[in-house]
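Beneath this line is the structure, given in structure tokens, with notes to follow.
2 protein chains.
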Amino acid sequence: MRTNIMITISTLLSLIATPVLSKEVKVTSPNGEIKVTFSDEQDQLSYNVEFNNQSVIDDSALGLVFKEQAAFADGFKITKVEKSFNYSKWEQPWGERRVVEDNHNEVIISAVNAELNNAIYSIRARVFDDGIGFRYEVPKQDNYKQVEIVKELTEFTLADAQNSKAFWIPARGWNRYEYVYNETPVYEAQHVHTPVTFKTSNNVHLSIHEAALVDYAAMTLNQRRPGKYIADLTPWYDGIAVKTQTSFKSPWRTIQIADDATGLLNSDLILNLNEPNKLGDVSWVNPGKYVGIWWEMHINKAAWGTTDPNAPHGATTENTKKYIDFAAKYGFDGVLVEGWNEGWDGDWFFNGDVFSFTKNYPDFDIKQLADYGAKKGVKLIGHHETSGNVTNYRNQMQDALDLYQDLGVEQIKTGYVADGGNIKRIDDKGIVRKEWHDGQFMVNEYLFNIEEAAKRKISINTHEPVKDTGLRRTYPNWITREGARGQEFNAWGTPPNPPEHIPMLAFTRMLSGPMDFTPGIFDMGFRDQNFQQNGQGAKINRPQTTLAKQLASYVVLYSPIQMAADLPENYEAKMDAFQFIRDVPTDWEQSIALDGEVGDFVVFARKERKTERYSGHDWYLGAITNEDAREIEVSLDFLESGKRFEAQIYRDGDKANWINNPYDYFIEKKPVTSEDVLTLKLATSGGTAIRFKALN
Amino acid sequence: MRTNIMITISTLLSLIATPVLSKEVKVTSPNGEIKVTFSDEQDQLSYNVEFNNQSVIDDSALGLVFKEQAAFADGFKITKVEKSFNYSKWEQPWGERRVVEDNHNEVIISAVNAELNNAIYSIRARVFDDGIGFRYEVPKQDNYKQVEIVKELTEFTLADAQNSKAFWIPARGWNRYEYVYNETPVYEAQHVHTPVTFKTSNNVHLSIHEAALVDYAAMTLNQRRPGKYIADLTPWYDGIAVKTQTSFKSPWRTIQIADDATGLLNSDLILNLNEPNKLGDVSWVNPGKYVGIWWEMHINKAAWGTTDPNAPHGATTENTKKYIDFAAKYGFDGVLVEGWNEGWDGDWFFNGDVFSFTKNYPDFDIKQLADYGAKKGVKLIGHHETSGNVTNYRNQMQDALDLYQDLGVEQIKTGYVADGGNIKRIDDKGIVRKEWHDGQFMVNEYLFNIEEAAKRKISINTHEPVKDTGLRRTYPNWITREGARGQEFNAWGTPPNPPEHIPMLAFTRMLSGPMDFTPGIFDMGFRDQNFQQNGQGAKINRPQTTLAKQLASYVVLYSPIQMAADLPENYEAKMDAFQFIRDVPTDWEQSIALDGEVGDFVVFARKERKTERYSGHDWYLGAITNEDAREIEVSLDFLESGKRFEAQIYRDGDKANWINNPYDYFIEKKPVTSEDVLTLKLATSGGTAIRFKALN
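Chain order of the listed sequences is A and B.
The numbers in my numbering rise by one with no breaks, and the one at position 574 of the first sequence is 575.
The numbers in my numbering rise by one with no breaks, and the one at position 203 of the second sequence is 204.
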């Protein structure tokens, strides 16, 4: 039973109103290392950020531009300042850690334009030790009742742009978030999605993102002048960014700041800026692990549809039973089945209206399978692929969710496969409109799906989503999502995910929230079984990793649900390695990033959370590297001193390399304590996965 | 006296109405090498293009999306086809050639959507031997009276994208068109301005652009899928692309096609698609050459304003007289003076409202100088720098143009210095709106300026313009423009224009129309007079060329007005080299690109047009190269056979190189005829300029 525990030291210290003369407002982090200064001297509100007394964000403008009314830009003067601080702890029903600390100083700055009939807006900013967040709050006021925001003027002017590196994916592209990450000088990162991560010449790491994206357009960043990014909101089909009315609040614009790379990972900034759980009792949200009828379609052994002459229908009653048996035998909680419903035989990519979300194919007896699974303690995981035709989905959503509820399905993987900008909806005049996955329309549409699912005690795993902005705090049934290149790109992507992909994700995508990456592929030879002998390992589609790195990924890439993605027979052929996947939990008492550099390598340690299944005593470690083999020394001082553990180490063998010897793995066990230091030897695109089994 | 001469063989061969069953419509170039096929089979109009029986443009969609009404996309069927052809010649009052051939096959395809109340639109396409143009024509119809276009669906799907190179600049950036050109695989050219040039794996050269951009947004290209570009119209501040009403026509979308690089240069496609001259007698438009008070400000020897303690005001009566004397002595027609008017002492970049276009500074006696020049046959060239504050300019434009007309000023250089997207206008409610230089608003604003100038018999040279789309045919007083990185970037740019810049421009920017590049810098040492000795030639701001390349640029970069950009004393120090600039004309009977490769080198031959000053017998040649020195064999068979010429050759010396020996030039003269072949030896970033003086 999970309950929320709040330990409040003091929520409000002071409330100060400052006279009109004040031109600068400063607010610092609790530890004093981050200082934010707001000012109205530039005739437009602006801010800057210092870290350890050096500028990281130079003077950057704030403001909003509307279609009808005059902009909130020039002529706004600070008229009121309210300061407060917060120190509290709160508990997550599931997550990377159970207890989260929220320690920040806050300021609310109100600014008025006397020449615009006293038009007014506020900036609320919170400064934590791990970064800052600020948002616009616009109260109801004459002349700004209904507003259409065409542009947001928020800037992020990188102080060290000339010498900094950027780690980024391009924004507003056809492939949404599914791009290989780039590492370039800042100046080459023109138009980017968030999270976007920067590393300055003195190793300061920054990551810009947003929190609590609700009823607003997603923010991308566009480099308008060298080093100066400006918010670039994803528009509706008609070019407007946000259609709203006062009073309204923007999402929090966030800047994580750390003096090293792992400082970005040991942060709860995004969660802390989100609203608390509003669903009440969420004991029906269950972390766990699953298998499924999915990978076989991506490697062309089966088909989603029933009429492919070259590939049998994957989603059959018989095949599903096989997976349920496998899941039950090896302790998996769910079986995902894709291709169960009518519509896959049509031209679904271009015309998703063909999908039914209530009618199964004749060879998939959904009721029988739900019962079969229930008897064995395994649940069916639902699948709603919309192919971006959201009106078709909307029209069936209630019935489809009711159907699953009746069948005891408690998780659904949704999909919105469509090019960026090509989500199809029918408006109230019956006219087709095309929207972006991260425009305001879809931001609301995804959340509607979450809310409807919550009414039926169903959790959602969104594929082709809008980026995560921490709403899992407010809606704990929004358990995970895709929103980056996942394992499937290793089946057919051009190119497959490169060796640096996961070390890149760890410091970018993973700062936004959990990812359903679906690790755990054991057979790399599905395109060419002889790839090792004929030296073709780098040229075919396959995961560009060693097998040990696949194991380590379960610890490195956090998600409350994790898939063992491969076919059952590939696990049964390597039961020793598979043991790690069987053991690893997906819910944590605590997580610590121990070491790493963006795009190079990362080491995580996590302590399991106590549940019926897990004692709550064991720790797990995952270390992965990019194309460079490396040795990493890891101190085990995160373990509780005085306790003894058996380290069950799954590592790359001495001759392992990802290209033609990915299967060389080695398993060893040895007693360890918190006094020990391990030297991890990672092969090229390799990894180490460790279970620290508590002995006392 | 220039008059338009039309030689029409036949303008209309046939008018055929084709029945509704027709699904494909084919139209070819007169020589049969280019074949365009339109189709409605995809349930949306589409087209493709073959060249010499190979696909160059694969199936590409057509259509328009509106804010209110249903889109012109799916459901349109071809109902009517009209075919015709044209063979004519017409004369330009000035230009690269006097007589232009217009030889094309045309088709007008009408398409109707029965389920949208028979909504209808047409595509008019013309296919020439040097490429194609097509445009949308939307007649007046119920339900589509007032329309706001939010998106154009026109695609350009490059058939050989995977193996093609792109030569491009990024679109929608802060620096408008002023970027160094990129040469990359197509897949890296995400969002580009036009003209954009491609080179396929079998040397087919394509360049995509538009013609006759009037009352519409400019088109940029965005790569939506690998190799598939879609039109990306530059929006109004509120996100709408085009605000118009039926009936309307879009600009022509153009694709130049050639089997080699120089085929792109020997083309009049853009001009041929524009409307004929509507200004009537334009004998007051005078090609010529000018000098001016301009470069000295860019190299910090003088200032535009009057209060800079480090630099004297450039635009003084005394300094201008010096330039008028120089111009008169050496045969230049005009003197440009920047900084003559009040406003340069304020914060003009951020607040251009400070500019007056009628009040001169006290130390600039404009009336006296106009008279002084008139007596010597030299005209003042006006200057209107708006700094992007177009309402301020509009409010003064009539008075400012009248003033110049009274003073006998017949050319004005205008300027719109402001970041992309930051043109400032005040709407009719008094609200500030920010627009793009190439959005529909500015497209109309620039043309208004042209039309108002024409009423006063004034010609316009637009800096920070919208791109050229051939409107000089319709408005021959729109003589030239900037719209790319010009010479000024060599004074202070980061970086200066690289050695390949002019060979890049020749095959991209220059396909759109003339450029006021302002060549002719003789002194490369204005940042460091000792750069040659201390080996810093590549590290300072200066033209990254030899001196001979500066001379050759007058022939390579076409413009009806050309500046001798340097300070008078630098020309007087090298009178032998300066002779070429004194001789070279700026108006041509004929132009032929003889050789070249995109970004590498180019060779042009041009024959002078007969005027009062020029006999009409001489030819000129300009050859320039990028960072690679090269030898180019040039056959002189473009010269009239049987005539004798003295070739006056200005070339790189044997030891010349751009980095530390740019001044090594050599002048020789020798008799030649059309039988001769010259071997041109170009240094690294070097050039050769030749005047072929007719002897008989």
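Positions of the beta carbon are idealized from the N, C-alpha and C atoms, including for glycine.
Being a predicted model, the structure only gives us computed values, none of them experimental.
Contact under 8 Å by Cβ, Ala72(B) with Val599(A): Position 71 of the second sequence, counted from the start, is the residue given in the question as residue 72(B). Position 598 of the first sequence, counted from the start, is the residue given in the question as residue 599(A). No, Cβ-Cβ distance for Ala72(B) and Val599(A) is not below 8 Å.
Beta-bridge pairing of Gly289(B) - partner residues as DSSP gives them: Here residue 289(B) is taken as the residue at index 288 of the second sequence, counted from 1. DSSP output for Gly289(B) lists Ile562(B) as bridge partner(s).
DSSP beta-bridge partners of Trp479(B): Looking up residue 479(B) in the second sequence gives position 478. Note: Trp479(B) sits in a beta bridge opposite Ile461(B).
Residue from Asp103(A), Ala120(A), Tyr291(A), Gly344(A) with nearest C-alpha to Leu568(A): Against the first sequence, residue 568(A) aligns to sequence position 567. Relative to Leu568(A), the option among Asp103(A), Ala120(A), Tyr291(A), Gly344(A) whose CA is nearest is Tyr291(A).
Per-residue DSSP class, three states only, for Phe351(B): Start at 1 with the first residue of the second sequence, and residue 351(B) comes out as number 350. Here Phe351(B) carries a coil assignment [DSSP, helix/strand/coil].
Chain B within 8 Å of Tyr145(A), Cβ atoms only: Counting from 1 along the first sequence, the entry for residue 145(A) is found at position 144. Chain B contact via Cβ: absent.
Inter-residue Cα distance where the pair is Thr317(B) and Lys302(B): To locate residue 317(B), count along the second sequence from 1; it is residue 316. To locate residue 302(B), count along the second sequence from 1; it is residue 301. Taking the straight line from one Cα to the other gives about 14 Å.
CB contact check: Ala71(A) to chain B, cutoff 8 Å: In the first sequence, the residue the question calls residue 71(A) occupies position 70. Yes, its Cβ sits closer than 8 Å to a Cβ of chain B.
Within 8 Å, strictly: CB atoms of Trp437(B) and Thr235(B): In the second sequence, residue 437(B) corresponds to position 436, counting from 1. In the second sequence, residue 235(B) corresponds to position 234, counting from 1. Annotated as proximal: Trp437(B) and Thr235(B), with beta-carbon spacing under 8 Å.
Chain-ordered neighbours of Pro236(A) on chain B, where CB pairs are closer than 8 Å: Taking the first sequence and counting its residues from 1, one reaches residue 236(A) at position 235. Near Pro236(A) (Cβ distances below 8 Å), the residues of chain B are Gly240.
Alpha helix (DSSP H) runs wholly inside the region 268-316 of chain B, at least 4 long, in chain order: Qualifying alpha helix (DSSP H) stretches, in chain order: 270-273, 296-299.
Beta-carbon proximity check, Glu184(B) vs Phe168(B), cutoff 8 Å: In the second sequence, the residue the question calls residue 184(B) occupies position 183. In the second sequence, the residue the question calls residue 168(B) occupies position 167. Less than 8 Å separates the beta-carbon of Glu184(B) from that of Phe168(B).
For Tyr666(A): DSSP bridge partner residues: Position 665 of the first sequence holds residue 666(A). Answer by DSSP bridge pairing, in chain order: Asp653(A).
Within the region 543-608 of chain B, ranges of the alpha helix (DSSP H) (whole runs, at least 4 residues): Listed in chain order, the complete alpha helix (DSSP H) runs (minimum 4 residues) inside the region 543-608 of chain B are 548-557, 569-573, 576-584.
Spatially closest choice to Asp44(A) from Ala624(A), Gly76(A), Glu51(A), Pro227(A), by CA coordinates: For the purposes of this step, residue 44(A) is taken as the residue at position 43 of the first sequence. For Asp44(A), the nearest C-alpha among the options comes from Gly76(A).
CB contact below 8 Å: Ile432(A) versus chain B: The residue labelled residue 432(A) in the question sits at position 431 within the first sequence. The beta-carbon of Ile432(A) is placed less than 8 Å from the nearest beta-carbon of chain B.
Short CB-CB distance (under 8 Å) between Gln191(A) and chain B: Taking the first residue of the first sequence as 1, we reach residue 191(A) at position 190. With 8 Å as the cut-off, Gln191(A) counts as an interface residue toward chain B.
For Val187(B), the three-state DSSP class (helix, strand or coil): Residue numbering aside, residue 187(B) sits at position 186 when the second sequence is read from its first letter. If DSSP states are grouped into helix, strand and coil, Val187(B) belongs with the helices.
Complete alpha helix (DSSP H) runs within the region 374-452 of chain A (minimum length 4 residues, chain order): DSSP runs (the alpha helix (DSSP H)) wholly in the region 374-452 of chain A: 391-408.
Beta-ladder partner(s) of Asn176(A), from DSSP: Numbered from its first residue, the first sequence carries residue 176(A) at position 175. Note: Asn176(A) sits in no beta bridge, so no partner.
Residue-level contact to chain B via CB, Asp348(A), 8 Å cutoff: The count along the first sequence starts at 1 and reaches residue 348(A) at position 347. No - not a single Cβ of chain B is within 8 Å of the one on Asp348(A).
Cβ contact (3+ pairs, closer than 8 Å) linking the region 525-540 of chain A and the region 584-597 of chain A: Output reads no: the region 584-597 of chain A does not touch the region 525-540 of chain A.
Beta-carbon proximity of Thr255(B) to Ile424(B), cut-off 8 Å: In the second sequence, residue 255(B) corresponds to position 254, counting from 1. In the second sequence, residue 424(B) corresponds to position 423, counting from 1. The answer is no: Cβ separation not under 8 Å.
DSSP three-state assignment for Thr155(B), whether helix, strand or coil: Along the second sequence, one-based indexing puts residue 155(B) at 154. Coil, per DSSP.
Pairwise C-alpha distance: Val113(A) and Gly688(A): Within the first sequence, numbered from 1, the residue matching residue 688(A) stands at position 687. Within the first sequence, numbered from 1, the residue matching residue 113(A) stands at position 112. C-alpha separation (whole angstroms): 56 Å.
Chain B contact for Lys68(A) (CB, 8 Å cutoff): Within the first sequence, the letter at position 67 stands for residue 68(A). Yes, Lys68(A) lies at the interface with chain B (some Cβ there is under 8 Å from its Cβ).
Contact under 8 Å by Cβ, Thr1(A) with Tyr476(A): Residue numbering for chain A in the displayed model covers 2 to 697; residue 1(A) lies beyond these limits and cannot be assessed.
Test: Pro186(A) CB closer than 8 Å to a CB of chain B: Counting from 1 along the first sequence, the entry for residue 186(A) is found at position 185. No - not a single Cβ of chain B is within 8 Å of the one on Pro186(A).
Cα-Cα separation, Tyr324(B) to Glu69(B): Counting from one through the second sequence, the residue named residue 324(B) turns up at place 323. Counting from one through the second sequence, the residue named residue 69(B) turns up at place 68. Answer to the nearest angstrom: the Cα atoms are 58 Å apart.
Assumed close pair Gln545(A), Pro500(A) - CB separation to whole angstroms, cut-off 8 Å: Residue 545(A) sits at position 544 when you count from the first residue of the first sequence. Residue 500(A) sits at position 499 when you count from the first residue of the first sequence. That pair is a contact at about 5 Å.
Residues, ordered as in the chain, of the region 146-164 of chain A that lie near chain B by beta-carbon distance below 7 Å: Those residues of the region 146-164 of chain A that come within reach of chain B (Cβ to Cβ, closer than 7 Å) are Val151.
Below-8 Å beta-carbon distance, Arg177(B) vs any chain A residue: Numbered from 1 along the second sequence, position 176 holds the residue referred to as residue 177(B). It does not; no Cβ of chain A falls within 8 Å.
Beta-carbon proximity of Val100(A) to Glu83(A), cut-off 8 Å: Sequence index remark: in the first sequence, residue 100(A) carries index 99 (1-based). Sequence index remark: in the first sequence, residue 83(A) carries index 82 (1-based). The beta carbons of Val100(A) and Glu83(A) sit no closer together than 8 Å.
Contacts of Pro171(B) in chain A (Cβ-Cβ under 7 Å): Translated into positions along the second sequence, residue 171(B) becomes position 170. Going along chain A in sequence order, the residues near Pro171(B) (Cβ under 7 Å) are Gln191.
CA nearest to the CA of Glu613(B), picked from Leu159(B), Asp577(B), Pro288(B): As a first step, residue 613(B) must be located in the second sequence, where it is residue number 612. For Glu613(B), the nearest C-alpha among the options comes from Pro288(B).
Check: Ala160(B) C-beta below 7 Å from any heavy atom of the ligand ATP: With respect to the ligand ATP, the structure offers nothing, as it holds no ligand at all.
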